[in-house]
Amino acid sequence: LSACTTCLGRFPHNTNVCASKTLWDQTTPAHCRKNERGRLVNPAGKELCSDWQTTAGCSSTSHNSKHECS
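For what it's worth, this note's numbering labels the leading residue of the sequence shown as 28, then goes sequentially.
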């Protein structure tokens, strides 16, 4: 299983709606969260590129400010 972009867990769960406030260890605070539209956002509330979070990454240079690891 791929790691969840919110909790970084590799256990079976619906990663599309994961709203965990902690990482998989249930102790460490999560860096990012999902906003009301289900998009991954950093602590400042800025939406992140979902492709950047995948193994293949994102080759777009038009939104580099959204390239931040969750």
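We treat Cβ as the ideally placed atom computed from N, Cα and C, and that holds for glycine. Computed from a predicted model, the values in this text were never measured in an experiment.
Beta-carbon contacts of residue i that lie in its chain and below 7 Å, excluding the five residues immediately before and after
i	result
A57	T33, C34, S47, K48, T49 and L50
E127	Outside the displayed span of the chain (28 to 97) sits residue 127, for which this structure offers no information.
Beta-carbon spacing of residue i, residue j below 8 Å
i	j	result
Q53	L67	no
Close beta carbons around residue i, own chain, < 8 Å, minus the five adjacent residues each side
i	result
C59	T32, T33, L67, V68, N69, P70, L75 and S97
S92	K73
C-alpha distance - residue i paired with residue j, whole-angstrom precision
i	j	result
S89	T42	26 Å
N62	H40	18 Å
A83	A30	14 Å
R64	S87	22 Å
Same chain, Cβ closer than 6 Å to residue i, neighbours up to 5 away in sequence not counted
i	result
C45	C31, T33 and C34
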